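S.K.: Residues in the sequence shown are numbered consecutively from 0, following numbering that gives the first Met the number 0.
Pasting a structure below so you can have a look.
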Amino acid sequence: MRIGILNSGGDCPGLNAVIHGVVGAASEKGWEVIGFRDGFEGLLPPGDFKFLTRADTSGILKLGGTILGTTNKGNFAAKIGAGDVAKVPQEIVDRAKKTLDQLEIGALIVVGGDGSLTTGHQLFQDGWPIIGVPKTIDNDLEATAMTFGFDSAVTSVVDGLDRLHTTASSHKRVMVLEVMGRHAGWIALWGGMAGGANVVLIPEIDFDIQKVAEFIRLREAQGHHSSLIVVAEGAKLPDGLVARENEHGGEVRLGGVGAVVANQIQEMTGKETRACTLGHLQRGGAPTALDRILGLRFGVMAVKLASEGNFGRMVSYQSYHVDSVPIIDAVQKIRCVDPTGEVVDAARAIGICFGDC
Ligand code: F6P
């Protein structure tokens, strides 16, 4: 048996752990593993790939990014713009399939987020032996309780907030930290709670900037002269998202809402307010232990599915177990924060403001 693996979409801490898990489990079975470079693009003839052995994956658990390279643009991008689904042209699919056939690959493990898994599902419907592995720092994939990369991203937010806390309190300032979270506010919510933020603004809860300003003024009156605000890049202002076209192609690029919020808060409260964008610091760097373990277990389960010929399925984490679900279950909608759920309730219970009341 020979299997293939590729990473597609934005990079994410823990991708190398998945590769390590796949190569380790496949090697134990005496299988060969081929890694395709730069996502599905590596499948296009003449093919850009390499055989992966245990020696190639030794020491990669601690590395951020992916040793295979990845892309969220190109010939196989399934989601462009704000959630529009574009099918991969059949001519591209057929060309890529030739590489798969020539290399006699019995299973192709696709490690990706909703866009890449949407492509994976299309290829499965076209007869490819696809197995999906969920990946996104945003943690917004349906049908899995957690994706690897999320814990590492949250850890970066907490580290950022810890640093901002000391400078904010020294200068009696309001500090706004903009974090990733295109459609879902998981990173802002978990990071904000664990990092001691006073205000958390997420895409799922419409906020009123006047209410945020009121909250900051109240804190001031109560003797709290500094405040921390975490805002997800996808949080909506009354006139919409702060975004711009991506001149390099692909999805609309978000970013800038933190600066807008900071300016408005400064104007409304008179308090010096500064914005800071964490950006790709959340995506790079070494994965946490949790993300390494998740990645390894996901890789092992992907090989198990391959050995069972269980194609069209995605590895999934549910109730402390790694299992699998049909890929289609994961890509039909985004898994968002429940505004009336237990985590938001817990945040409200400790006094965190979401700008809605
Ligand atoms: O989907 C993961 C993510 O990190 C989003 O939170 C963010 O909007 C996007 O990727 C950024 O992608 P890029 O690095 O291509 O700008």
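For each residue, glycine too, the CB sits at the ideal point set by N, CA and C.
All values reported here derive from a predicted model rather than from experimental measurement.
For my contact list, residue 20 and residue 294 are in at a C-beta cut-off of 8 Å; report their separation, rounded to the angstrom.
M.R.: Yes, they are in contact, since the Cβ atoms of residue 20 and residue 294 sit about 6 Å apart, within 8 Å.
S.K.: Please report the residue range of the alpha helix (DSSP H) in which residue 89 lies.
M.R.: 89 to 101
S.K.: Cutting at 8 Å between CB atoms, please list the residues of its own chain near residue 284, excluding the five before and the five after it.
M.R.: The residues are 12, 63, 151, 155.
S.K.: Alpha carbon to alpha carbon, how far is residue 130 from residue 74?
M.R.: 20 Å
S.K.: Enumerated in chain order, which unbroken segments of the beta strand (DSSP E) with a length of 3 residues or greater are wholly contained in the region 198 to 254?
M.R.: 198 to 200, 226 to 231
S.K.: For residue 55, which of 42, 46, 45, 31 has the nearest alpha-carbon?
M.R.: 31
S.K.: Confirm, please, whether the CB-CB distance from residue 153 to residue 297 is below 8 Å.
M.R.: no
S.K.: Do the region 226 to 238 and the region 158 to 174 meet, that is, are 3 or more Cβ pairs less than 8 Å apart?
M.R.: Counting C-beta pairs closer than 8 Å gives three or more between the region 226 to 238 and the region 158 to 174, which meets the contact rule.
S.K.: So residue 117 packs on residue 157, CB below 8 Å; how close in whole Å?
M.R.: Not quite, the Cβ-Cβ distance comes to about 31 Å (not below 8 Å), so this is no contact.
S.K.: Less than 8 Å between C-beta atoms, sequence neighbours within five positions excluded: which residues of the same chain meet that for residue 99?
M.R.: 3, 42, 107, 127
S.K.: Alpha carbon to alpha carbon, how far is residue 122 from residue 92?
M.R.: 7 Å
S.K.: In angstroms with no decimal places, state the Cα-to-Cα distance between residue 356 and residue 198.
M.R.: Going by the C-alpha atoms only, they are around 12 Å apart.
S.K.: Just the Cα atoms here: how many angstroms apart are residue 307 and residue 16?
M.R.: 22 Å
S.K.: Taking the alpha-carbon of residue 22 as reference, which of 109, 192, 302, 194 has the nearest alpha-carbon?
M.R.: 302
S.K.: The ligand F6P and residue 136: does the residue's C-beta get closer than 7 Å to at least one heavy atom of that ligand?
M.R.: yes
S.K.: Using the Cα positions of residue 327 and residue 182, report the straight-line distance between them to the nearest angstrom.
M.R.: Distance between the alpha carbons of residue 327 and residue 182: 19 Å.
S.K.: Okay, do the region 261 to 281 and the region 208 to 216 touch, 3+ Cβ pairs below 8 Å being the bar?
M.R.: The region 261 to 281, when compared against the region 208 to 216, does touch it at the 8 Å Cβ threshold.
S.K.: Here's the rule I'm using: 16 or more other beta-carbon atoms within 10 Å means buried, otherwise exposed. How should residue 318 be labelled?
M.R.: exposed
S.K.: Residue 192 by DSSP, collapsed to three states: which one?
M.R.: helix
S.K.: Return the chain-ordered list of same chain residues with a C-beta closer than 8 Å to the C-beta of residue 209, the five sequence neighbours on each side being excluded.
M.R.: 267
S.K.: CB of residue 71 to nearest heavy atom of the ligand PLP: below 7 Å?
M.R.: Although the ligand PLP was asked about, the structure shown includes only the ligand F6P as ligands.
S.K.: Does residue 70 come out as helix, strand or coil in the three-state DSSP assignment?
M.R.: coil
S.K.: Mapping DSSP to helix, strand and coil, what is residue 171?
M.R.: Here residue 171 carries a coil assignment [DSSP, helix/strand/coil].
S.K.: Which residues bound the beta strand (DSSP E) around residue 131?
M.R.: Run containing residue 131: 129 to 133, per the beta strand (DSSP E) assignment.
S.K.: Is any non-hydrogen atom of the ligand F6P found closer than 7 Å to the C-beta of residue 334, if you look at the structure I gave you?
M.R.: no
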